[in-house]
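To start, the structure itself, in structure tokens.
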Amino acid sequence: MITVDNKTIHLQGRDMSYIVTVGEHGDLLHYHFGRKLGIREFHVPVTWNIWSAYAPEGYTLENVPQEYPSYGYTDLKPGAYSFINSDGNGIAQMKFRSLRIEKGAASVEGMPCLRGAGEESGAETLYISLEDTKAGIMAELAYTVFDRYNVVARSAVIRNISEKPIRLTSVYSSCLELDRKERDLVYFPGSWANERQMERCAVKRGLRIDIANERGGSGHNMNPFVMAAEKDANEKSGEVYSLSLVYSGNHSTLVNCASDGSLRILQGINPCGFEWILEPGESFAAPQSILCYSDKGFGGVSRELSRLYRENLCPSSKSFAERPILINNWEATYFDFDEDKLVEIARKAGEAGIELFVMDDGWFGERNDDRRGLGDWTVNKNKLPSGLKGLSERINREGLKFGLWIEPEMVNPDSELYRAHPDWAVHVPGRTPAESRQQLILDITRDEVREYIIKAIKDVLTAGNIEYVKWDMNRPMSDMPYPGYNHRYTLGLYKIAEDLTASFPNILFEGCAGGGGRFDAGMLYYFPQIWTSDNSDAVARLKIQYGTSMGYPISAVSAHVTASPNHQNGRVTSLKTRAAVAFAGVFGYELDITKMDEREFEEIKEQVKFAKKLRPLVLNGDLYRLQSPFESNYCSWEIVSPDADEIFFMSCRILSETGMTDPMIRLDGLDENAVYIDELSGERYHGDELANRGYLPKYEQKDFSSVVMYLKRVIDDKSERSL
Ligand code: DGJ
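With my numbering applied, the sequence shown covers -4 to 718.
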């Protein structure tokens, strides 16, 4: 609900309030973001209550929490935007011009954003226009709130209202001003095969921290999801604010802890390499930034965002639809396969109950290794003599759906496409572009390049019975020919993704970028699941999946059981532990199932059966993290159904220890008055005991031992006690 009292606007979510107000000089000020407040008059104006010798009347904007601050006038902290106008200066102080409130969620031009049209969505949007007529610039800010979430989705559009061009040099989407308090930042850096590692650091006054990525996609090295938590916040308690950017290009969350202790956090497109010329009358739209508030710790934020993304971000027809249990041939064969080998894998997989066969890289052009063929989207008939039609029919006859891998944005210099159109690769004229994995990037800012890609992929997707696509992207972006290129590229990517996903509504698309190099809310708008990491080792995955779950639903986390020793790090783990970890995601296999011995094969059959039972929980359930692999020798989590009738529990002790007891684990989210039965062991447990005394898993005396429970509510506690 959004209410306006004079010039104070109160946005209410489920149990949170966000309040903005127009100051006496027309500045848009921030009043509150946190626990829900009543609808009434507030004590405006607001200031940080700092004495300033230079502003005896108390109106230095720097000392006032603001909604979209400008740098350079009476505020000398980093601003939400910067520009240079035709006079050569970039000074502005935008003042309130107008506001309107509409039912439904805001849309963002050319970019993905939260869904929620009309009244029935429970969403309402506040639009506020600000302007500085002297500078010739205006901003339209959008704030969407939903009655069932504790989030505010913000976006900004900057318009040139002058007669001359304006050069934008930065445009952030949101600004969050927080009062002086001891807080920590939690953020998710990483690298290829090691994504979303969780880091926590204290924000001390005087520090400026840029949680950013400028490698092209949203990045292996830093995810566009950041939390600011009070010092003692943990999984269950404490005030936590989060910012998530719905964007798949270079991003920045700039945290400025001023020397006076106040905190300003800006989130948006990374200004590095960014510039945008606005001709008179033109505007620039910045991506959506979702602010979330929870007083229930990190777990509260994660569950809030999980529900929001499942219900209002991921494609609605796919988000809650059962995902098929798949087998992918990449780690089974790499490039070395032919039709018969693939059918052989599919046949055996079908016997185990697996439902979808995915043919990975290497099926097209001359793609017999990763040096050639990207861009040539025609079947390699030496490998697949009956083409996509024949192969998909053979796979379907084995009782499995068929899906395939594409990497539409890329080209190898050794390809027909590159030989025909060398100028289609991103490059700076006169310079040889840098290759990465022997590939170059197609310039999808150009209409003809996008048209080629869309047609080529449409031809592929209509050539057989294709029901799933894995959309990969395997290199960082270099050689950008002009400032602002990365944003134009990202807009081009969204156009292609929009066209292809809309043209094939029955295909399930999975995102991928060398594993988890583009795991962001922008991609989730098109692809309800993403290959989380090229690291498929169960132990490495504990951290990767734990970190990812902080900002994203587990129903988006693609997780496969692969061979042991693991291909990325050589670790030997049991089949049991590999599956135990992968169960908390979109479950599948990526190994040569034809080479498993009888005992392993039987185990896989049981795992597949269990994963099918678990599927609704992964799609709908709430995740509770119980032990952190970043802080301990253990990793434990639970997925709890909305009615707390079913609970999946997993605990892994990473290294075996002697002479040390294992800690009890207190379960969360369950019904303390219920009795549960673990359907895997037949043991019965009282909810209050699991929650308040705890559970002691019986690990095996070896490294990487895991314990799994599938608890189902059986009977009311009262009746059980009276038995
Ligand atoms: C990177 C992906 O993450 C892998 O799963 C696989 O698809 C390879 N690319 C294929 O080149």
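Don't be surprised by glycine CBs; every beta carbon is placed ideally from N, CA and C.
Asked: Lysine 396 burial status per 10 Å Cβ neighbour count (16 or more: buried); Found: buried
Asked: Cβ separation of cysteine 287 and valine 146, assumed to be a contact under 8 angstroms, to the nearest whole Å; Found: 5 angstroms
Asked: Alpha-carbon to alpha-carbon, alanine 669 and valine 709; Found: 7 angstroms
Asked: Lysine 465: CB within 8 angstroms of a non-hydrogen atom of ligand 1; Found: yes
Asked: Cβ-heavy atom distance, tryptophan 358 to ligand 1, below 8 angstroms; Found: no
Asked: Three-state secondary structure (DSSP) of aspartate 712; Found: Only weak support exists for where aspartate 712 lies, its pLDDT of 48 falling under 50; the value from the coordinates is given anyway. In the structure shown, aspartate 712 sits in a helix (DSSP, three-state: H, G or I).
Asked: Expected contact under 8 angstroms - CB spacing of glutamine 262 and serine 387 to nearest Å; Found: Not quite, the Cβ-Cβ distance comes to about 43 angstroms (not below 8 angstroms), so this is no contact.
Asked: For arginine 445 and arginine 470, believed in contact at Cβ under 8 angstroms, the rounded distance; Found: With a Cβ gap of about 19 angstroms, arginine 470 and arginine 445 do not count as contacting.
Asked: Assigned secondary structure, lysine 98 (DSSP; H/G/I helix, E/B strand, else coil); Found: strand
Asked: CB-CB length for isoleucine 161 against glycine 131, believed under 8 angstroms; Found: 7 angstroms
Asked: Beta-carbon gap between glycine 506 and phenylalanine 183 smaller than 9 angstroms; Found: no
Asked: Residues of its chain near glycine 542, where Cβ-Cβ distance is below 7 angstroms and the 5 sequence neighbours each way are ignored; Found: Phe183, Arg191, Gln192 and Met193
Asked: DSSP bridge partner residues for proline 184 (one or two, in chain order); Found: Met217
Asked: Per-residue burial, cysteine 196 [other beta carbons within 10 Å of its own, 16 or more giving buried]; Found: exposed
Asked: Alpha-carbon to alpha-carbon, tryptophan 358 and leucine 467; Found: Rather than leucine, the amino acid found at residue 467 in this sequence is aspartate. Straight-line Cα distance between these residues: approximately 14 angstroms.
Asked: Alpha-carbon to alpha-carbon, glutamate 684 and threonine 440; Found: 59 angstroms
Asked: Assigned exposure category for glycine 83 - 16 Cβ within 10 Å defines buried; Found: exposed
Asked: Anticipated Cβ contact below 8 angstroms, valine 166 with tyrosine 13, distance rounded; Found: Not confirmed; about 21 angstroms, so no contact.
Asked: Rounded straight-line distance, which links the Cα of leucine 614 to that of proline 525; Found: In the sequence as presented, proline is not what sits at residue 525; that position holds isoleucine. Going by the C-alpha atoms only, they are around 14 angstroms apart.
Asked: C-alpha distance - alanine 558 paired with leucine 503, whole-angstrom precision; Found: 25 angstroms
Asked: Chain-order list of residues whose beta-carbon lies under 6 angstroms from that of valine 455 (same chain, five-residue window excluded); Found: Trp372
Asked: heavy atom of ligand 1 below 8 angstroms from tryptophan 372 C-beta; Found: no
Asked: Cross-strand partners of alanine 118 (DSSP beta bridge); Found: Phe141
Asked: Check whether asparagine 251 and isoleucine 264 have beta carbons under 9 angstroms apart; Found: no
Asked: Rounded distance between the beta-carbons of aspartate 438 and alanine 420, thought under 8 angstroms; Found: 7 angstroms
Asked: Proline 219 burial status per 10 Å Cβ neighbour count (16 or more: buried); Found: buried
Asked: Identity of the residue in Val556, Val17 and Ala575 nearest aspartate 587 by Cα; Found: Val556
Asked: Arginine 62 versus leucine 24 - alpha carbon distance; Found: Going by the sequence as given, residue 62 is glutamate instead of arginine. Going from the Cα of glutamate 62 to the Cα of leucine 24 covers about 5 angstroms.
Asked: Cβ neighbours of glutamate 597 in the same chain (closer than 8 angstroms, five flanking residues each side left out); Found: none
Asked: Complete beta strand (DSSP E) runs within the region 307 to 379 (minimum length 3 residues, chain order); Found: 321 to 323 and 351 to 354
Asked: Where the alpha helix (DSSP H) containing glutamine 262 begins and where it ends; Found: First-last for glutamine 262: 258 to 264, but that is the beta strand (DSSP E), not the alpha helix (DSSP H).
Asked: Limits of the alpha helix (DSSP H) - the one that histidine 482 falls within; Found: 480 to 498
Asked: Reduced DSSP secondary structure (H/G/I, E/B, other) of serine 544; Found: helix
Asked: Short Cβ contact (9 angstroms threshold) for alanine 148 with valine 235; Found: no
Asked: Environment of glycine 8 [buried if 16+ CB atoms lie within 10 Å]; Found: buried
Asked: Proximity to aspartate 70 [Cα-Cα], best of Gln434, Met(-4), Gly580 and Leu56; Found: Leu56
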